[in-house]
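Residue numbers (my numbering), protein chains in the order written: chain A, 85 to 424; chain B, 85 to 424. Beta carbons: idealized from backbone N, C-alpha and C, even for Gly. All remarks here apply to the structure that follows.
There are 2 protein chains.
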Amino acid sequence: MRFARQLVQTPDGPIARVIAAGNGTDTWHDVRSSVRRRARARGATTEGALRIAEALVPSSMSAALAHGELFLDAAREAADDAAEETRVDDVVLTNALDPVSYRDYMVFQEHFSFGFRWQNKPVPDVMYEFPVSYAGDPLTFLGPHDEIPWPSYTERLDYELEIGIVIGRTGTALTPDTALDHVLGLTILNDVSARDIQAREMTSGLGPSKGKHFACVAGPYITTLDEIPDDGLRMTARVNGEPWCDTSSAEMVWSVAEIVAWASQAEILRPGALLGTGTCNGGSTVEIDRRLAPGDEIELEVDKLGVLRNTLGRPGTGSWRPAARNRESNGHATTLHFLR
Amino acid sequence: MRFARQLVQTPDGPIARVIAAGNGTDTWHDVRSSVRRRARARGATTEGALRIAEALVPSSMSAALAHGELFLDAAREAADDAAEETRVDDVVLTNALDPVSYRDYMVFQEHFSFGFRWQNKPVPDVMYEFPVSYAGDPLTFLGPHDEIPWPSYTERLDYELEIGIVIGRTGTALTPDTALDHVLGLTILNDVSARDIQAREMTSGLGPSKGKHFACVAGPYITTLDEIPDDGLRMTARVNGEPWCDTSSAEMVWSVAEIVAWASQAEILRPGALLGTGTCNGGSTVEIDRRLAPGDEIELEVDKLGVLRNTLGRPGTGSWRPAARNRESNGHATTLHFLR
Chain A
85 MRFARQLVQT PDGPIARVIA AGNGTDTWHD VRSSVRRRAR ARGATTEGAL
135 RIAEALVPSS MSAALAHGEL FLDAAREAAD DAAEETRVDD VVLTNALDPV
185 SYRDYMVFQE HFSFGFRWQN KPVPDVMYEF PVSYAGDPLT FLGPHDEIPW
235 PSYTERLDYE LEIGIVIGRT GTALTPDTAL DHVLGLTILN DVSARDIQAR
285 EMTSGLGPSK GKHFACVAGP YITTLDEIPD DGLRMTARVN GEPWCDTSSA
335 EMVWSVAEIV AWASQAEILR PGALLGTGTC NGGSTVEIDR RLAPGDEIEL
385 EVDKLGVLRN TLGRPGTGSW RPAARNRESN GHATTLHFLR
Chain B
85 MRFARQLVQT PDGPIARVIA AGNGTDTWHD VRSSVRRRAR ARGATTEGAL
135 RIAEALVPSS MSAALAHGEL FLDAAREAAD DAAEETRVDD VVLTNALDPV
185 SYRDYMVFQE HFSFGFRWQN KPVPDVMYEF PVSYAGDPLT FLGPHDEIPW
235 PSYTERLDYE LEIGIVIGRT GTALTPDTAL DHVLGLTILN DVSARDIQAR
285 EMTSGLGPSK GKHFACVAGP YITTLDEIPD DGLRMTARVN GEPWCDTSSA
335 EMVWSVAEIV AWASQAEILR PGALLGTGTC NGGSTVEIDR RLAPGDEIEL
385 EVDKLGVLRN TLGRPGTGSW RPAARNRESN GHATTLHFLR
């Protein structure tokens, strides 16, 4: 089963509607319309059916997933019916998931081994002790077709070809045996990166922030786990139509089940939480020594998950950047501050 | 002005209500009740007044702040009236803010200098180039009186005495001159840390995750910026009543205005976003070589911001942890995975 969201125009501006792909068809169906139709058939008034449908299937995918089996049953019914009345055409997809939280791991061995060599560092032992991650900003997600902004503070914008793990059911203290029951499905993830400032930030030990938090892309849709083979998915990247990466998802030091289980220790994973695998082997420009330019078209394709296509914007101008602090001979800043 | 949230019992379980401290009083007032009362006085029916009040003043502080001046005016009116009818007594405060996003900086020089020495590293230059941060989990916030969970995977739980900066108004591409217009106010922040696993994680360069994301505490209330003097606030910590830290907020390498301005470059700061200053000088047990134990009571006090008091729970048991990967002579893992 596949989930997505499309934008529709309303008198109050565009809003997102949750849609599901019809089983055995190539059509998309509006889940809220399906719920409304079924409620009418069971005796609800026109207004009552709409109230129930609006409550059960909100615009937010995370809010819909928070309704558990109530929502999933409704989505399955919409997909099974694949009714003419709920079909939507000329679909403009927006980000399938508005995540409630986002963390990104680093589990592809060739990728992280290259990354540490690039920084003149040995691969730290922790990479083989448990899955490690940084946290991203859940509020800056883009969808298919959105232009990726180019921050004024970077000269080296990069894509990262990854797989996103979408949590569908609340879970904590999971094990690899139980973890996959809490995963709704997978989606393509482009963890956009500003390499120069990211490398600078990571010398602090706190991980990337301005190098990552300006944008992240997920989509075009979410494919449920029952459709995903365990022997891996082919992952490819094209820039302006030219192949730049061709690899497999089955090269991870830690499995999806292990990543989710570890993430859930001492934490509650919520419906709509997004976990990234980290960049696949060869899945960014750094390791193939290429450069992106404004206007470039990035296409990320993963078997079963579709194609995620975005274009890079032009560098922003004129934004503020702190002037480096003056330091005394002892290395400490000469002035200290509070509010201003 | 001070904002907080209290828990009230309903037939559907406890819910949070936004409250404001009365101007010139020591009483708390329910903002939704105040809006309802004023709407009634302007001709709304009982039901109509309730609908408007529920929409304007939701349970979520971030959702309320998303209403901009509409909400802030309502809160000001509740505080100015300090009406007997809206007064709430025997208040049990919950977390004042349910943040939409959370990032934590590291701007106190003595603290970070100690931290790098502790890891046998020199202080990296980037600490004086711009404010650096890691991103936390906005979904795991606790409030005053909540017990802090002790994850099974740590033997060294720690508090961090910090100040939280609450964004009140959407902003992007700000400068230090405009940044403070987007700050609602400040609150006390306890960025709880599991030191052993945090140190291990940070050898990956990705920053802390399991060492931080299990819990964070904010509160007990938010004090608006107009009540905060620019020459700094006294910050103290007590453990089981014994003073462990006594310092000032006016020892930051980067100011609140600079932190917010830098955070807003190429990003949109949203109402309800929370930014931490990082630990104040001497504001954790590491730098004073003390240890916490289960059941310890942590009290963090900041002038103008109140006292944030929490007790540490008992270590969890029996949770799953990955077994380290076997590595070949070339240092690479012997098995690779995908789903399972």
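query                                                                                                                            : result
Best match in A:S146, A:W112, A:R121 for proximity to L134 of chain A [C-alpha to C-alpha]                                       : A:R121
Unbroken alpha helix (DSSP H) run spanning V340 of chain A, endpoints                                                            : 340 to 347
Where P233 of chain A meets chain B, residues with beta-carbon distance less than 7 Å                                            : A350
Interface positions of the stretch 355 to 379 of chain A facing chain B (Cβ-Cβ less than 7 Å), listed along the chain            : none
Unbroken stretches of the beta strand (DSSP E), 3 residues or longer, contained in the stretch 228 to 273 of chain A             : 231 to 234, 245 to 251
Any chain B beta carbon closer than 8 Å to A341 of chain A                                                                       : yes
Cα-Cα separation between D182 of chain B and V184 of chain A, rounded to whole angstroms                                         : 12 Å
Closest residue to S403 of chain A among B:A350, B:S339, B:I382, B:E371 (Cα-Cα distance)                                         : B:A350
Inter-stretch contact at 8 Å, needing at least 3 Cβ pairs: the stretch 261 to 274 of chain A / the stretch 301 to 313 of chain A : yes
Beta carbon of N394 of chain B nearer than 8 Å to that of I251 of chain B                                                        : no
Inter-residue spacing [alpha-carbon to alpha-carbon] between V344 of chain A and G366 of chain A                                 : 24 Å
Residue span of the beta strand (DSSP E) that contains M319 of chain A, given as start and end                                   : 318 to 323
DSSP beta-bridge partners of P38 of chain B                                                                                      : The displayed coordinates of chain B run from 85 to 424. Any statement about residue 38 of chain B would go beyond what the structure contains.
Own chain partners of V191 of chain B with C-beta closer than 8 Å, once the 5 adjacent residues on each side are dropped         : P215, M336, V337, W338, I343, T361, G362
Nearest candidate by alpha-carbon position, reference R318 of chain A, set A:D330, A:N414, A:F225                                : A:D330
T256 of chain B versus R409 of chain A - alpha carbon distance                                                                   : 23 Å
Spatial distance of G356 of chain A from A150 of chain A (CA atoms)                                                              : 7 Å
Inter-residue Cα distance where the pair is T259 of chain A and L423 of chain B                                                  : 13 Å
Of the residues B:L241, B:R124, B:A105, the one placed nearest V175 of chain B, counting alpha carbons only                      : B:A105
C-beta neighbour in chain B for I272 of chain A, strict 8 Å                                                                      : no
Reference T40 of chain A; option with closest CA among A:T109, A:N324, A:L353, A:A417                                            : The structure shown has nothing for residue 40 of chain A, since chain A only spans 85 to 424.
Contained alpha helix (DSSP H) runs [length at least 4] in the stretch 115 to 166 of chain A, N- to C-terminal order             : 115 to 125, 130 to 140, 145 to 149, 153 to 165
8 Å Cβ cutoff, R187 of chain A in contact with chain B                                                                           : yes
Burial state of K205 of chain B, where buried means 16 or more other Cβ atoms lie within 10 Å                                    : exposed
Euclidean distance between Cα positions of G379 of chain B and E194 of chain A                                                   : 45 Å
Cβ-Cβ distance between A159 of chain B and G248 of chain B below 8 Å                                                             : no
A283 of chain A - containing alpha helix (DSSP H), residue span                                                                  : 279 to 286
8 Å CB neighbourhood of A283 of chain A in its chain, flanking five on each side removed                                         : Q203, G295
Interface partners of D314 of chain B on chain A, CB under 7 Å                                                                   : F422, L423, R424
Residues near S144 of chain B by beta carbon distance below 6 Å, same chain, minus five either side                              : D182
Short Cβ contact (8 Å threshold) for Y243 of chain A with A417 of chain B                                                        : no
Cβ-based burial, D221 of chain A [other Cβ within 10 Å; buried from 16]                                                          : buried
Segment limits, alpha helix (DSSP H) that includes G199 of chain A                                                               : 193 to 202
Which listed residue (A:L154, A:I103, A:E138, A:V340) has its alpha carbon closest to that of D261 of chain A                    : A:V340
According to DSSP, residues forming a beta bridge with S332 of chain B                                                           : B:R318
7 Å Cβ cut-off: residues of chain A touching S277 of chain B                                                                     : Here the premise fails: no neighbours, minimum Cβ distance about 13 Å.
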